[in-house]
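Note that our numbering has the sequence shown beginning at 41, numbered continuously upward. The beta-carbon is built from N, C-alpha and C at its ideal position, and this holds for glycine as well. Computed from a prediction, not measured in an experiment: that's the story for all the values here. Read the structure below first, then the notes.
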Amino acid sequence: MSQTPDHVVSVLGGRYELAVLGLSKKTDSFALEYTVTPPLPDADDAASSSPVYLRLEATDDLGNEYTDWGGAYGLGLDGAQTRGSISGQPALPPDAHTLTVRLTFMTGTQETEHQLCLPLT
C-alpha cells in the first residue's frame, strides 16, 4: 500500500530523504509513521556504516511538551527504504491544533536535528 507523505525533508547531510506518512493519536501517546530513502544502515550488518538512531521531542501550540517513547523500524517490503514509527508521550490533548516535532538523527558521534510543524486534525 502506498501513502502520500505529509512532509518530505532531506536529512543526514542530504544523503537521505525522510517522508512523514502520518500521525496517529492513542489514549496514552501518539505515533509518527515515516520512511527514509534510501534504507538506513542496518545495525546488525557488520559491513554497513554506522547505524542510525532516531529521537523525538515535541511541543504543541498550547505549550505542552512530549518526550520520546520508543519506536521501531526496518527495511520496507520493497527493499528501497526504511519504514518505521516513533512514539511520543503523553497523549495529545483534543484542543491542540499543531505539533512541532524535533527529530534528532544520531549516527556515530554526529547528531542532526530536523523540525516539522504538523497539523492535528
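Simplified DSSP state of residue i, which is helix, strand or coil
i: Gly-62; result: strand
i: Pro-159; result: strand
i: Gly-116; result: coil
i: Asp-100; result: strand
i: Ser-50; result: strand
Status (buried if at least 16 other CB within 10 Å, exposed otherwise) for residue i
i: Thr-149; result: exposed
i: Leu-117; result: exposed
i: Pro-78; result: exposed
i: Gly-119; result: exposed
i: Leu-115; result: exposed
i: Gln-155; result: exposed
i: Thr-75; result: buried
Within 8 Å, strictly: CB atoms of residue i and residue j
i: Gly-111; j: Ser-90; result: no
i: Leu-102; j: Ala-136; result: yes
Near the ligand GTP: residue i beta-carbon under 7 Å from a heavy atom
i: Thr-161; result: With respect to the ligand GTP, the structure offers nothing, as it holds no ligand at all.
Same chain, Cβ closer than 8 Å to residue i, five either side skipped, listed in chain order
i: Leu-94; result: Gly-111, Tyr-113, Gly-124, Ile-126, Leu-143, Thr-144, Phe-145, Met-146
i: Val-48; result: Glu-57, Leu-58, Ala-59, Val-60
Residues near residue i in its chain [Cβ-Cβ closer than 6 Å; skip 5 each side]
i: Lys-65; result: Leu-132
Beta-bridge pairing of residue i - partner residues as DSSP gives them
i: Ser-125; result: Glu-73, Ala-112
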